[in-house]
Structures are given as C-alpha cells and as structure tokens.
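One structure is given here, and the rest of the page talks about it.
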Amino acid sequence: FTSLSSSLPEGVVLHQDLFRQENFIRAGLGNVERALLDGTILVIIVLIIFLMNVRMTMITLVAIPLSILVTAIVFKSFGLSVNVMTLGGIAVAVGELVDDAIVDVENIFRRLRLWMIGGKKESREGVILSSSMEVRNSIVYATALVAIVFLPVFFLPGIEGRLLISLGTAYLVSVAASMVVALTVVPVLSALFLNDKSLEKHQQETKIVQKIKQRITPWIYWCIYNVKKLIAVVVVAILITAGMYFFAGKEGIPPFNEGSLVVMLFLPPGTALSTTNDYVIRLQKELLEVKGIRQVSNIAGRAVADPHGGSPNSSEVQIALKPGFEGERDRIMHDIQMVLDRFEGADFSLGQPITHRVEMLLSGVRAPIVVKVFGDNPSDMENAAKQVLSELQKQPGIKNPRIQQNTVVPEFRIYVDRNRLAEYGVSSGQVANDLEMGLMGDKFGQVRLGPSSINVVARYDAESKGSMASLRDLSLPSMEVGSLGNAGDIRIEGGLNSVDHEGGKRVLVVSANYQGKDVVGAVGNAKTALESQKLPVGVTLSFEGNYKSQKESSRRLALVFAVGIVMIFGVLYYAFKSMSIVLLIMTNIPTVFIGGMIGVWLTGGSVNLAHLVGFISLAGIVSRNGIMLIGQSLSLVQKEGLPFAPETIVRATLDRVVPVLITSLVTSLALIPLMIGGGEPGKEMLQPLATVIFGGLISSTIISLFLTPALFYCFGKKAATETKGETSSGF
340 FTSLSSSLPE
350 GVVLHQDLFR
360 QENFIRAGLG
370 NVERALLDGT
380 ILVIIVLIIF
390 LMNVRMTMIT
400 LVAIPLSILV
410 TAIVFKSFGL
420 SVNVMTLGGI
430 AVAVGELVDD
440 AIVDVENIFR
450 RLRLWMIGGK
460 KESREGVILS
470 SSMEVRNSIV
480 YATALVAIVF
490 LPVFFLPGIE
500 GRLLISLGTA
510 YLVSVAASMV
520 VALTVVPVLS
530 ALFLNDKSLE
540 KHQQETKIVQ
550 KIKQRITPWI
560 YWCIYNVKKL
570 IAVVVVAILI
580 TAGMYFFAGK
590 EGIPPFNEGS
600 LVVMLFLPPG
610 TALSTTNDYV
620 IRLQKELLEV
630 KGIRQVSNIA
640 GRAVADPHGG
650 SPNSSEVQIA
660 LKPGFEGERD
670 RIMHDIQMVL
680 DRFEGADFSL
690 GQPITHRVEM
700 LLSGVRAPIV
710 VKVFGDNPSD
720 MENAAKQVLS
730 ELQKQPGIKN
740 PRIQQNTVVP
750 EFRIYVDRNR
760 LAEYGVSSGQ
770 VANDLEMGLM
780 GDKFGQVRLG
790 PSSINVVARY
800 DAESKGSMAS
810 LRDLSLPSME
820 VGSLGNAGDI
830 RIEGGLNSVD
840 HEGGKRVLVV
850 SANYQGKDVV
860 GAVGNAKTAL
870 ESQKLPVGVT
880 LSFEGNYKSQ
890 KESSRRLALV
900 FAVGIVMIFG
910 VLYYAFKSMS
920 IVLLIMTNIP
930 TVFIGGMIGV
940 WLTGGSVNLA
950 HLVGFISLAG
960 IVSRNGIMLI
970 GQSLSLVQKE
980 GLPFAPETIV
990 RATLDRVVPV
1000 LITSLVTSLA
1010 LIPLMIGGGE
1020 PGKEMLQPLA
1030 TVIFGGLISS
1040 TIISLFLTPA
1050 LFYCFGKKAA
1060 TETKGETSSG
1070 F
C-alpha cells in the first residue's frame, strides 16, 4: 500500500480498511477459537464436579487433545483447509469428545471399586479388560449412530451443502477419533493410574452422585408404575412443541455478520453521473449520522469495459461499522432503512457484501427476495410485475420492493443494407465487430509509467459518437473507403434500457429486502395472494432467492432426516435383534423437539437451516442414552441372571445415571460459548445449531432417565427373554 499511495495523484487518498474480507475472517476464527477454549474449560469443570477424582478426570481429558490432533493429521493428509466451519465442527463436538472416555473410565472405576470390596478375586488387568469390554459395544454403536445420521448431510448440494460438509467433516473425524481413544488409550491409562491407593480414597461415590441417585430413585419407581400418565405428559409436550415448529417463522441460511454493509442505489435510467454522485453525497452525510457507522464510500458509474460495471444512474454505497458495533447489526440496518425511507426518487437494496454475492449465486440478483416474471409481451410482464410489487408491499418486514428498471430511452439504431455491404465485400458481422472495437475499446498493449502499468486502448473519441452526423462519418476498418453511413440507415428510436432473458424467455425481476424473522412466511403469503389473482395470459412467476433456497433445503434435510432414522433403525436392530427394543430406544428421538424448540423460541422464534441440522444430529446423539440404559438392563437380566422386575430396571438405571448425566452435561454445557454472542462473526451458523443441540439434549436426557426404564419394564420383558444370548452387541 505504501508504494501505491506514493504514486497516486495529489488529493487522492487510499483507504486501506474500507472493506477487507480479512477482518471478517480473522474475527470469525478468533470467536470460534475462544468458544472452543471456553467449552473445554466447562467440560473440565463438569468432570471435576461429578468425578471428584483427579486421575479419572485427567484420563478422560486425554481424549480432547488426542482427538483434535488426529483431526488435524487427517485434514493435513487430505489437503483440507482449516476455516470457521471446520473449527466450528470441533467446537460443537468438544463435549462429545470425552463422552466415550467417560463411559469407559467410569465403568472401569466402578468395577474396580467393587473388585476391591469383593476381595480382589481377579487380576486388576482382567477387571479393567472386562469392564471396558462391557461398555465397548455401547461406545461403538453410539458413535456409529452419531456418524450415520450425519452422513446424508454430505450429499446436500448448493451453498448450504458446502458449509455443512466442512463442519460435518471436522465433527465426524473428531468424534471417530475420540471413540478410538476411548477403546485403546483409556483402558491403558486406567491400568497405569487407577491403582489401589487411588481407589482407597474413593471407595464411595461422590456426594453429588449419591444425592442424585437418592432423589431420582423414587421418581423412577413412580414412572414405572404410572407409565400411562408419563406417556400422556410427554406426548402432549411433543405435540405442543411440534405446533411451535409449524407456527414458527422460517429462514434460510443465517445471515453473516460481516462488519460492513452495502446499499445499492438506482435512480431513473438516463440520470447523469453528476446527478447520481450529488444524490449519493447527500445520502452519505445522512448515513454518517447513524450510530455505529465508521465510514461511508460510494462507487457511482464505472468504466464501460468493467464486467461488474454499473450504469451512471446507479451507485454502490459501502458502509464500514465501528469496532465493537458488530453485535448491533440489526439495529444499524433498521436505522439505515429509516434514512433510506426519507430519500425519494430512487430505489434501494440494503444488505452485506458477501451476503450479496451469496444471493447472486442463488438467484442472480443481489436481494434476498426475488420474483421473476416470465413472458413474451413486455407490457403484460410490466403489469404482472406491478401486481407482484403490490403484494410484496403489503407484507410486514419486506423492505425496498422494486421492479427492475425498464424504461424506454432514445437510442441509435443501425439498419444495415446487405446489398451495399456486398459492394464493399463485407458482412454485417464485420460491421458489428468494428463498432464494438471502436465504441467499447480494444486493448492492444501496456506501457510502464514508473511503478504502474497502463493499458493502451484504441477507441473512437467522445465526439465521434455524440450525434447522428458524427456517427454517419465513422470510418470502419473493414470498409476501406466507406463510413458507417454507407453501410445502411441510422435512426433515433425508443427502446427498453434493459432486456434480460433466462432459459430462452424474457424475464423481468421484482426484488426486495427483508428485515424480520419469517422471510419464507412473508413471501409465501404474497405467493398465495398472487395465485388467487388473474395474471396476464402467457405470464408466469418464479419465486426465488431465500424463499426458494429454504424450501428446497428443508425438503432435502427432511429426506436426510428420514434416511438417518432408517439407518439408525438398521444399526440398532443389528445390535439388539429385537424390534421392540429398537423402538424403545428410538422413543428418545421425538423428545429432542421439546427442548430444541424451546431453545428456538427463546432465541428469536424462527427456524433456519442450522436449526434443522441440529435436530438431525440430535437423532444420533440421544440414542446413546437409550443404548446405555436398556443395554445395562439386558446385561443384568441376561448375564447376571437377575429377575425382570422393577428393582432390576431401577438398578440398571442407577448404574448408568452417572455416565448418562455426565456425557449429556459436558456435551450441552460445552456449547454455551457458541450460544452466547450468536450475532458475532463466525457464530452465525453455529449459534442456532448449538442452541437446538443444547435444548434437545437437556430435555431428552431428563425424559429418558424416567421414560426409558418405564417403557422397558412395560414392553421389554418378552424382548429381554427372547433375545437372551442372541444379540450381536453383547449387551
């Protein structure tokens, strides 16, 4: 920048930080890194409180650095980049990285404690091996469920697929690595560090664990004997939260918080560049009065050869926010909109630079709401576009609706005379090429002026194309002795300033911004109203932008969820060889909607694609609890010969209450840093994902501790007897 600044003309100032995508990237990476660190600290705190054993805590925590190290090695080996989404995948999984280790080391420690009390009849290594083998299948199948329910997400197309693949890859690799650590490293470390001396200090469970078991035991018995009442309460809660989902607002990809904004301005076609510039300068002064805005600049008119160039009547206003105001983006955008509403005579589009590029990829238009009017008759298309505009204006939250500017403007039309051209031995195509070169310019080299390289472009001078007479006198290289006037007739006629085609059809675009929480509902209401109206013959409408993206992505994710449920069923049936046991375990899945939707409601009330991905991932995570609870009940009945009775079911639940609670708590509490400051850069996709997982995991864990044993006692006796010795899982 220093060398460039020194070569600029006097009075020209170079601003280095007006819009730098680097700032957004660095802020996002920093926020996610801090969330990952804070989540790890919360995991440590939970382990210390529940285990109250330094050696067990350290053995468990080994899973975090080893899993992250394996993930880094895998990414390096396959040439994958580390970005906000991959770091986010690890941050979401950081609590789960210790889940398998917790289950393993807790069971080993519990068995070693019983081994000491029983007189040490077996070798220490034998007890550790058998203890690890006892829960090994639970660990493997639980991790498999987490993985398979996420795998279909990798087949999602589009922008949402690109984002989720990065997150999902880091998430699955780290979770798989944690499983390997739990199955290999944890038993070895337990044999090395859980010696007699450490066991003597912890012959009893911690006071908090004893207190929890004392409190929940009578409630488990009550649920077993009152299972119908419990089922009714849970079903009603699920139905209520399902209703919350259907009535909630719907959005697509959560908007990024880029730290900068952009206003697209459109004055009537034909407006002079000087007029546009004066208008924008007045707008800039007003925008600088908005609290939180640091700097405003504009680009009005560009070189004709610029592929991204705008017309003289349009301008792109770049707005940079002050540091520390990123979290007030919605308020700032609202204040900017109030400023825009005071300026008449222009159309506006308010958004963010990167978001605008995403919108361009979705619909080809820099706006979240896009309705394309297709037809053959320009007049009919214009009338239909006005109908669309009228309905969009009625919807709350929709801002700046505008019709693509199509105005009749004077233009020179050249009607070539092929007979005359034949006399000169040229074609109409050669004439068109000559005009394109002369009017648009033809680059044929560069010259060096100090440190700068200047393009050398040949074109007609401005006076040559300013009047009818000067156009007639233009010389054409392909016509050695002739001018443009000899090639045909030149007339001044009216024509549309812009004619766009898509798929071989004429298209007229109606676009708008949205400020609110239900863009799908707003556009859907307008669409419903338009469907009841009569459109001109031959005119069709296509609703695109965020509306179309959200609808298509929701359908794909629903299919992904259905495939995931089928795959979960298949894995569980392979493990238990019992339809009833599989269905009992899967009853935990609907309970995630209770806490998940409460979390959505508390954080804004609208459902976006990140929320849906959170619900999908929960289907695999919460199945772990059912596997551990029912698996332990089967073990007591089938292997230890205990009767199928309420006492046995309660004992199995109490045996597994510690790993169930700890794994759920570390997984959910580790997400709190991602949930706090959801508007910060880097957390836009992660905050709604973490919110759903947090709420769904809390509700499903609490319910499963009471509902699963009650349902198993009510419906599992036959399955426990018939599957004895037949399950491939070894439960």
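Residue numbering for the sequence shown follows the numbering used here, starting at 340 and increasing by one per position.
We put the beta carbon where it would ideally sit given N, CA and C, even for glycine.
- Judged by DSSP in its simplified three-state form, Thr1030 adopts helix.
- Comparing alpha carbon positions, the residue from Gln355, Asp377, Pro707 closest to Leu1013 is Asp377.
- Contact annotation, Ala587 with Ile708: C-beta distance approximately 19 Å; criterion of less than 8 Å not satisfied.
- In this structure, the straight-line span from the alpha carbon of Leu490 to that of Val858 is close to 29 Å.
- Note: Glu841 is bridge-paired with Lys844 in the DSSP secondary-structure output.
- Here Ala861 is buried. Its C-beta has 16 or more other C-beta atoms within 10 Å.
- For Asn652, there is no enclosing alpha helix (DSSP H), since its DSSP letter is neither H nor E.
- Taking a 10 Å sphere around the C-beta of Pro1020, we find 16 or more other C-beta atoms and assign the residue as buried.
- Counting only runs that start and end inside the segment 681-762, the beta strand (DSSP E) elements of at least 3 residues fall at 686-690, 708-714, 737-742, 747-755.
- Of the candidates Ala797, Val485, Gly497, the residue whose Cα lies closest to the Cα of Ala515 is Val485.
- Each residue's CA atom was taken as its position, placing Ile966 and Gln977 some 16 Å apart.
- Annotation: Asp800 is outside any alpha helix (DSSP H) and is labelled neither H nor E by DSSP.
- Under the three-state reduction of DSSP output, Phe532 falls in the helix class.
- In this structure, the beta-carbon distance from Val601 to Gln623 does not fall below 8 Å.
- Excluding its 5 nearest sequence neighbours in each direction, Gly598 has C-beta neighbours in its own chain below 8 Å: Asn362, Phe363, Ala366, Ala659, Leu660, Glu665, Pro1020, listed in chain order.
- One alpha carbon belongs to Leu922, the other to Ala481, and they sit about 15 Å apart.
- Annotation: Gly970 to Ile403 spans about 26 Å, alpha carbon to alpha carbon.
- In the three-state reduction of the DSSP assignment, Ile592 falls in the coil class, being assigned neither a helical nor a strand state.
- At a cut-off of 3 residues, not a single continuous stretch assigned as beta strand (DSSP E) sits fully inside the segment 964-1020.
- In the structure shown, Arg633 falls within a strand segment according to DSSP collapsed to helix, strand and coil.
- According to the DSSP secondary-structure assignment, Phe882 is paired through a beta bridge with Val710.
- Within the same chain, Cβ atoms closer than 6 Å to the Cβ of Asp439 are found at Ile478, Ser517, Met518, Ala521, the five residues on either side in sequence being excluded.
- The three-state secondary structure of Arg359, taken from DSSP, is coil.
- In the three-state reduction of the DSSP assignment, Met1024 falls in the coil class.
- Within the same chain, Ile429, Ala509, Val512, Ser513, Ala516 come within 7 Å of Thr410 by CB-CB distance, once the 5 residues on both sides are set aside.
- Sorting Gly1055, Pro1048, Ala865 by C-alpha distance to the C-alpha of Tyr560 places Pro1048 at the top.
- For Gln785, the uninterrupted beta strand (DSSP E) run begins and ends at 781-788, by DSSP.
- For the pair Lys804 and Asn794, the CB atoms are not nearer than the 8 Å cut-off.
- For the pair of segments examined, the segment 872-889 was found to touch the segment 688-708: the number of CB pairs separated by less than 8 Å reaches three.
- Ala659 has Ser599, Gln634 as its beta-bridge partners, per DSSP.
- Shown here, Ser792 sits in a strand according to DSSP, grouped into three states.
- Nearest neighbour of Val786 by Cα position, chosen from Gly935, Met779, Val796, turns out to be Val796.
- Gly507 has its alpha-carbon roughly 21 Å from the corresponding atom of Phe932.
- The beta carbon of Leu606 sits closer than 6 Å to the beta carbons of Thr615, Asn652, Ala685 from its chain, once the five residues preceding and following it are set aside; these are given in chain order.
- With contacts defined as CB atoms closer than 8 Å, Thr379 and Leu386 fail to qualify as a contacting pair.
- If you ignore the 5 residues before and after Asp719, its C-beta comes within less than 8 Å of the C-beta of Pro875, Val876, Gly877, Val878, all in its own chain and listed in chain order.
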